[in-house]
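Residue numbers (the working numbering): 1 to 188.
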């Protein structure tokens, strides 16, 4: 993994990037960050949940159709893709110029998911497929709780296999996210 540690360098790379992947645990703020970056840099916003994974009523799209849609989208010249799904890293990473890894503490991700569920319960978020209203359950909370232990090793393996030369900026606090946005030109 080619880790970037300097936010100024990362912001410079971000402004020059045509294809950006934003990954991280649910509730960490990756969708909000993604949408803000897209507005500032005029990048088309792609939500893995909305555009590929889910059909109305929380029905999972067929795997072959999902991969076909992802392949068509990553072939486009410019995008920012919001989603951590490792099963499509083979399609996405070779076309990615920069990865922003929103890697917030577990408690912050849980708080983010719970507060989002309470505030938006029964409504569909803009980054979610139509007909998939906000919800939360024990399985989802366990996914967040175990993300670092269960999912991060898969992410690291996928990065090593499919994108070893793609620069990665890990954002580990809300402050770092704000600093990055500030470096893009307009205060967050």
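Quick reminder that beta carbons are idealized off the backbone N, C-alpha and C, glycines included.
Have a look at residue i and residue j and give me their C-alpha separation to the nearest angstrom.
i, j, result
"residue 82", "residue 150", "20 angstroms"
"residue 168", "residue 156", "11 angstroms"
"residue 99", "residue 117", "27 angstroms"
"residue 13", "residue 59", "37 angstroms"
"residue 136", "residue 35", "22 angstroms"
"residue 182", "residue 33", "12 angstroms"
"residue 70", "residue 178", "29 angstroms"
"residue 184", "residue 123", "31 angstroms"
"residue 10", "residue 138", "36 angstroms"
"residue 112", "residue 28", "6 angstroms"
"residue 91", "residue 8", "29 angstroms"
"residue 41", "residue 176", "18 angstroms"
"residue 86", "residue 62", "16 angstroms"
"residue 180", "residue 132", "31 angstroms"
"residue 110", "residue 78", "32 angstroms"
"residue 51", "residue 57", "14 angstroms"
Exposed or buried, residue i, counting other C-beta atoms within 10 Å across all chains shown (16 or more means buried)?
i, result
"residue 194", "Past the boundaries of the shown model lies residue 194; the chain is included only from 1 to 188, so the question cannot be answered."
"residue 121", "exposed"
"residue 161", "exposed"
"residue 30", "buried"
"residue 165", "exposed"
"residue 72", "exposed"
Taking the continuous alpha helix (DSSP H) assigned at residue i, which residues delimit it?
i, result
"residue 152", "152-162"
"residue 123", "It is not in any alpha helix (DSSP H) - residue 123 carries neither H nor E in the DSSP assignment."
"residue 138", "138-145"
"residue 180", "174-183"
"residue 11", "7-16"
Could you spell out where the beta strand (DSSP E) holding residue i opens and where it closes?
i, result
"residue 19", "19-24"
State yes or no: is the beta carbon of residue i nearer than 9 angstroms to at least one beta carbon in chain C?
i, result
"residue 14", "The chain inventory of the structure shown lacks chain C, comprising one protein chain alone."
Inset, instruction - Could I get the ranges of all uninterrupted alpha helix (DSSP H) runs contained in the segment 41-80, with 4 residues as the minimum, in chain order? - result: 63-74
Inset, instruction - Taking 8 angstroms as the threshold, find out whether the segment 19-26 comes into contact with the segment 76-96 through three or more Cβ pairs. - result: yes
Legend entry - Touch test, the segment 171-180 against the segment 101-108, Cβ-Cβ under 8 angstroms, three pairs minimum: yes
Legend entry - Validate contact between the segment 138-148 and the segment 62-70 using beta carbons, cut 8 angstroms, 3 pairs: no
Inset, instruction - Let me know the beta strand (DSSP E) ranges lying completely inside the segment 80-108, each 3 residues or longer, listed in chain order. - result: 98-102
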